[in-house]
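Here the structure comes first, spelled out in structure tokens, and everything after it is commentary.
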Amino acid sequence: MAANKGMVAGSHNRNEFVMIQHDGDAPAPAKPAKSANGQVCQICGDTVGVSATGDIFVACNECAFPVCRPCYEYERKEGNQCCPQCKTRYKRQKGSPRVHGDEEEEDVDDLDNEFNNGKGPEWQLQRDDADLSSSARHEPHHRIPRLTSGQQISGEIPDASPDRHSIRSPTSSYVDPSVPVPVRIVDPSKDLNSYGLNSVDWKERVESWRVKQDKNMMQVTNKYPEARGGGDMEGTGSNGEDMQMVDDARLPLSRIVPIPSNQLNLYRIVIILRLIILCFFFQYRVSHPVNNAYGLWLVSVICEVWFALSWLLDQFPKWYPINRETYLDRLALRYDREGEPSQLAPIDVFVSTVDPLKEPPLITANTVLSILAVDYPVDKVSCYVSDDGSAMLTFESLSETAEFARKWVPFCKKHNIEPRAPEFYFAQKIDYLKDKIQPSFVKERRAMKREYEEFKVRINALVAKAQKVPEEGWTMADGTAWPGNYPRDHPGMIQVFLGHSGGLDTDGNELPRLVYVSREKRPGFQHHKKAGAMNALIRVSAVLTNGAYLLNVDCDHYFNSSKALREAMCFMMDPALGRKTCYVQFPQRFDGIDLHDRYANRNIVFFDINMKGLDGIQGPVYVGTGCCFNRQALYGYDPVLTEADLEPNIVIKSCCGRRKKKNKNYMDSQSRIMKRTESSAPIFNMEDIEEGIEGYEDERSVLISERKLEKRFGQSPIFIASTFMTQGGIPPSTNPASLLKEAIHVISCGYEDKTEWGKEIGWIYGSVTEDILTGFKMHARGWQSIYCMPPRPCFKGSAPINLSDRLNQVLRWALGSVEILLSRHCPIWYGYNGRLKLLERLAYINTIVYPITSIPLIAYCVLPAICLLTNKFIIPEISNYAGMFFILLFASIFATGILELRWSGVGIEDWWRNEQFWVIGGTSAHLFAVFQGLLKVLAGIDTNFTVTSKASDEDGDFTELYVFKWTSLLIPPTTVLVINLVGMVAGISYAINSGYQSWGPLFGKLFFSIWVILHLYPFLKGLMGRQNRTPTIVIVWSILLASIFSLLWVKIDPFISPTQKAAALGQCGVNC
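Okay, so the sequence shown: first residue is 787 according to our numbering, each after it adds one.
Structure follows, in structure tokens:
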């Protein structure tokens, strides 16, 4: 698809399809088509084409049965080498590689390359209206046979415009002798006979192809068969060096780096000891109630039991922590050798944005620039930007970004700079001359910085212009009204800014594709927020490029490492791990956070401790950004598991023993795996298939019921055909001229109606935290995920450093967890028929129940103040023996934390900040999330999705940190602070009036109250701001609530019995 040819907008439901030309663009005149006498290939349905001499291609000289050149070559190489009609053996045509059985010829044209299918002279199939002037020069580089699958990947989106009625389908001039010609992908909308599937030899041909494909997993061993026999390779005097390369290519692309056993074993022992001590502690607490404060004691025991359960859910998923290490050199040796066509898998990168005023276009532009400059073959990378707010500001900013990328990308690759986001590269306070040996670097860097400053001026001018919307709405440069003037009622829009036809940088090199997408929105339709936008990107990318893997990032998360895609491919393309890995999750790292990380924005404990623990079980949870997906996993397919993966978990083994006989479910799993191995067709559950897939025993079983496929994927034959391409690429049976129109179709607002999108396919609907739900569904089907944490962070983003924004962000996460807890996908009861491991299930349960902890947490934080106000305590007088358990419990808590810090490398300050914000979030955002979730699920009262502000700190000195923004989330923790401060004053006053004997019990009560205040100290600093001034409204609300609570407590006095009250009244009398 040519870049900058204009925007495509339309609505499938309204039968609209419009090409909006840019200013200065003119419709390209239609080119005359070469006559091919209307002949169509009787096997694939494509045009027969012409031969190397320009004549109509004739495969069979006996009956002239119409067959195109690709089908002719396939028949000669993998078929029975005979004409399907007259059964006459095909003769060798000029320009075709020789095969065994060909007659000897005197005037052959490739004697030097005899039987070498990969080095024969080039031939190109001429379509009836093809233009070979531009893209044909790049076809050998773009369309490359993949050794792992044998399927070719299309490297170009052909031009599709209203003035072109048919577009050339690119072909390949490079054929690897070790790779079999791929099986033609079946389009369900076509008749079976058009593919030749009714021929007698079809079954044997396909089975033979599958056997050969299984033998071609290793590129090096296929290319140098002499290495296996011990002989010297051609062109070398000894096979030692090449044999070493063969051995290196066979090595795994990654390895597990275990935690040192002396650290891990001690850590596990302390956990067991803590569990034992906890049992003794509860035995004492339950058996020793406080009679004069029974209510306080009961509440405290209930809270402590809940805290213990939460600790178990959080602790045991960290039982098997691991680290991982990747080998990028082995990946390059196996799939990306210098001087040879790259065999790396194609990847589609998704960038999601909604509101350009909250998500500044300059930040989004830096993210896109870092993607376009990534260290990966340009024909294997496509960047899709989803604008779910249909903002013209985003569109124009992306246009400016595409122009600047033509200068920025070659600069990055020439000088190998990191990071490749210009804003963050030029802001680095490092010696930028380090390791730069080119004398022109300084001059080019200064020139590039000036270019970037001018680029920023243009972007900021667009932002300033967008502050005031014209009454008539926005108009484009050519005077056309902007289709997205009404964000809730607009057609779908697609614009290709960069592509292989016209997408060249200043050095004349190709750039990755850059595609702008805004899905259709209409009133009355449920659009499902971010999850719906991501599913629209899945479909439109499948139609246009169909990368085998997807990587999604938020608009503020740029590529901090240009090797990020290669890091992910070390797992995805690994023969052992790739077939059962649903996604590779990278940790989130952030820029622009204050030195002490006041509000725990970095989440170091979660990303460096919890996620490492999950990686040793079934994999980390999906966190919404910085994640590379296997497209097949998003389509709802089952993974390809080994027998060891399907064995019962350790709990079942220990309770029930080893099974001597395999049960029915296990045999069904094995059967599905064999079917998945033997076929490239999608594997569905049995209820989703009308007749099932039983290998190739029935020649018609290759096609799954079209009705079932449409019910699952939607009514798009092109998209359905793309799902058969397990290794990516555009199906050769599709008509390239209809790609853009089909792309508009699949992003229409009604496309998902009565399908399984959002239920079993793609991002799952039903929660504002669609990331947790999506990852959980994949793990429940048996997939595993990988946690990749290289030394240099692959992605960095921005986080809200303001207290109110941070609490609103945490509120959204907690609300999503409550929604999942109250849905049918709750991990407590969902997925027991799947392959979710026990500890992984505990981790998912912990991620959805943690907001409920806010209720006992607030009660427990108020208890110290109540004890000080009433002069009572939740613990009776304890003996030295009982005191020992309290000391051991606190010691085990600190020992567990210290050992976690030791094996994870997390600092003590990060751990303490995490503990503090656990209390701050628990007493504010989590509490609101519980009630909002109940209102939404039970009463149907929905809450608005608030986009987290991602504004950069342009004024410096973290000014955003001290800005106060009013929100009701501030009231509960402020009230807890005021109550505890009042309680401390009351307790100290009582001790002073009562004498020295009351100071001993006072210290225990003060300890718990000070514990609460220390945890809320960052919150208190946030209230004070830089000027140490608290807003009046916060003070008024907090004092009012604290006063009401205290007066009611004194009036009711619930912990004094009626007998005690009567005795107190009798001592003095009524008239005293």
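Just so it is clear, CB atoms sit at the ideal spot from N, CA and C, and this is done for glycine as well. In this text the structure is predicted, and so the values were computed from the model without any measurement.
Q.
Just to confirm before moving on: does the CB-CB distance between Gly-1351 and Val-1160 stay below 7 Å?
A. The question names Gly, but residue 1351 in the sequence shown is Leu. It is a contact, given that the beta carbons lie within the stated cut-off.
Q. Cβ atoms of Thr-1187 and Val-1154: under 7 Å apart, would you say?
A. yes
**Q.** Which of helix, strand or coil DSSP assigns to Ser-1226
**A.** coil
Q. Using DSSP with H/G/I as helix, E/B as strand and the rest coil, what is Pro-1256?
A. coil
**Q.** Under 7 Å between C-beta atoms of Glu-1399 and Pro-1579
**A.** The identity of residue 1399 in the sequence shown is Gly, whereas the question assumes Glu. Cβ distance not < 7 Å, so Gly-1399 and Pro-1579 don't count as in contact.
(Q) Between the alpha carbons of Thr-1798 and Ser-1640, how many angstroms are there, rounded? (A) Going by the sequence as given, residue 1798 is Val instead of Thr. Distance between the alpha carbons of Val-1798 and Ser-1640: 14 Å.
Q. Do three or more CB pairs link the stretch 1353-1361 to the stretch 1571-1585 at distances below 8 Å?
A. yes
Q. Roughly how many whole angstroms lie between the Cα atoms of Pro-1044 and Asp-1340?
A. 31 Å
Q. Excluding sequence positions up to five away, which residues of its chain have a Cβ less than 8 Å from the Cβ of Arg-1610?
A. Tyr-1616
Q: List in chain order: all unbroken alpha helix (DSSP H) runs of 4+ residues lying wholly within the stretch 1612-1636.
A: 1624-1635
Q: Name the two residues that bound the continuous alpha helix (DSSP H) containing Arg-1679.
A: At residue 1679 the sequence reads Ile, which differs from the Arg that was named. Per DSSP, Ile-1679 belongs to the alpha helix (DSSP H) from 1666-1690.
Q. Between Pro-1758 and Thr-1709, is the Cβ-Cβ spacing less than 7 Å?
A. yes
(Q) I need the DSSP call for Ser-1073, collapsed to helix, strand or coil. (A) helix
(Q) Give the list of continuous alpha helix (DSSP H) stretches no shorter than 4 residues that lie fully inside the stretch 1489-1571. (A) 1492-1499, 1503-1508, 1525-1532, 1556-1566
Q. Sorry if obvious, but does the Cβ on Arg-1308 come closer than 6 Å to a heavy atom of the ligand ADP?
A. In terms of ligand content, the structure shown is empty, and the ligand ADP therefore cannot be addressed.
Q | Residue span of the beta strand (DSSP E) that contains Tyr-1282, given as start and end | A | The amino acid occupying residue 1282 in the given sequence is Val; Tyr does not appear at that position. Taken as a continuous stretch (DSSP letters only), the beta strand (DSSP E) holding Val-1282 covers 1278-1284.
**Q.** Gly-1015 to Arg-1036 span [Cα, whole Å]
**A.** Caution applies to Gly-1015, whose pLDDT of 40 falls short of 50 and renders its modelled position unreliable; the value that the coordinates give is listed next. If I take the Cα positions, the gap works out to 16 Å.
Q | Segments assigned alpha helix (DSSP H), at least 4 residues, entirely inside the stretch 1100-1151 | A | 1114-1121
Q) What's the C-alpha gap between Ile-829 and Val-1407? A) 46 Å
(Q) If you reduce the DSSP assignment to three classes, tell me which class Val-853 lands in. (A) coil
Q: Have a look at Cys-849 and Lys-877 and give me their C-alpha separation to the nearest angstrom.
A: 13 Å
Q.
Going by C-alpha to C-alpha distance, which of Leu-1649, Glu-1626, Glu-1605, Thr-1150 sits closest to Gln-1635?
A. According to the sequence as given, residue 1635 is Val; it is not Gln. The shortest Cα separation from Val-1635 among Leu-1649, Glu-1626, Glu-1605, Thr-1150 belongs to Glu-1605.
Q.
Short of 6 Å in beta carbon distance, which residues of its chain neighbour Trp-1092, apart from the five on each side in sequence? Order them along the chain.
A. Pro-1642
Q: Since I believe Phe-1376 is in contact with Lys-1582 (beta carbons under 8 Å), could you give me their beta-carbon distance rounded to a whole number of angstroms?
A: 6 Å
Q. When the Cα atoms are used, what is the spatial distance from Val-1072 to Asn-1416?
A. 51 Å
Q.
Using a Cβ-Cβ cutoff of less than 6 Å, which residues in the same chain neighbour Lys-1751 once the five nearest sequence positions on both sides are dropped?
A. Ser-1590
Q: Starting from the Cα of Pro-1142, find the closest Cα among Tyr-1618, Asp-1173, Phe-1136 and give me that residue.
A: Asp-1173
Q.
Quick check on DSSP: helix, strand or coil for Gly-1583?
A. strand
Q: Hey, could you find the ends of the alpha helix (DSSP H) Asn-1700 is sitting in?
A: 1694-1708
Q | Val-1301 in three-state terms, based on DSSP | A | strand
Q | Among His-1531, Val-1085, Leu-1148, nearest to Cys-1647 - alpha-carbon criterion | A | Val-1085
Q) Going straight from the alpha carbon of Lys-1497 to that of Gly-1707, what length do you get? A) 43 Å
Q.
Using C-beta distances below 7 Å, list every residue in its chain close to Thr-1261, excluding the 5 sequence neighbours before and after it, in chain order.
A. Ala-1267, Trp-1268
Q. Considering Val-1723, what are the terminal residues of the beta strand (DSSP E) in which it resides?
A. Val-1723 -> not in any beta strand (DSSP E); alpha helix (DSSP H) instead, spanning 1711-1724.
Q | Segment limits, beta strand (DSSP E) that includes Leu-1337 | A | 1335-1340
Q) Can you find at least 3 beta carbon pairs, one from the stretch 1558-1566 and one from the stretch 1388-1397, that sit closer than 8 Å? A) no
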